[in-house]
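Numbering (the UniProt record's numbering), first residue to last: 1 to 127.
One structure below.
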Amino acid sequence: MHNSEIDDDLKNLLIENEYQLSWISYDEFKDIDEIGKGGFATVYYARWYDKSQNLNRAVALKLLHNSNNYYEEFIKELKAYCDIGLKDPTFLKCFGISKDKVSKDYILVMMYAPKGNLRKNLQIIAQ
Numbered sequence: 001m002h003n004s005e006i007d008d009d010l011k012n013l014l015i016e017n018e019y020q021l022s023w024i025s026y027d028e029f030k031d032i033d034e035i036g037k038g039g040f041a042t043v044y045y046a047r048w049y050d051k052s053q054n055l056n057r058a059v060a061l062k063l064l065h066n067s068n069n070y071y072e073e074f075i076k077e078l079k080a081y082c083d084i085g086l087k088d089p090t091f092l093k094c095f096g097i098s099k100d101k102v103s104k105d106y107i108l109v110m111m112y113a114p115k116g117n118l119r120k121n122l123q124i125i126a127q
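Quick look at the structure:
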């Protein structure tokens, strides 16, 4: 974890480890392809080469536009995804947080769900 990259609230969230999140270096992602874009975020498919666990897995990277300017909203969204993942880890697992090298926006690193988008899956679960 690079202290200059994240602020104190996020550091505390990672240190408390209630959600078992990690700070993931952007350099660990390969084969990054945009798969969706909305008003507040862009979602990418990527391969995550997790050296600490010797794993290579497909992940969804949700880059939150202007997350440095809307930091409280970013933390709320992060906690919401993590709460869902704790209730049903087979549905949505949030592995950690990263930061885009160019825009400096925060990224949620989540389990990749090849069968549709998150909004559609959340609507199904809510019914």
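All residues carry an ideal CB built from backbone N, CA and C; glycine is no exception.
(message) Am I right that Met110 and Tyr81 are in contact with their C-beta atoms under 8 Å? What's the rounded C-beta distance?
(response) 7 Å
(message) Going by beta-carbon coordinates alone, are residue 208 and Asp105 separated by less than 9 Å?
(response) Outside the displayed range of the chain (1 to 127) lies residue 208, so it cannot be described from this structure.
(message) Which same chain residues end up closer than 6 Å to Ala58 when comparing Cβ atoms and leaving out the 5 residues on each side of it in sequence?
(response) Tyr112
(message) Taking 9 Å as the threshold (C-beta atoms), are Phe29 and Trp48 in contact?
(response) The answer is yes: Cβ separation under 9 Å.
(message) My output table needs one value for Asn80: the three-state DSSP class, helix, strand or coil.
(response) First, the residue type needs correcting, since residue 80 is Ala and not Asn in the sequence shown. Three-state DSSP puts Ala80 in a helix.
(request) Keeping to the same chain, check which residues put their C-beta closer than 7 Å to that of Asp31; ignore five residues upstream and five downstream. (result) Ala46, Arg47
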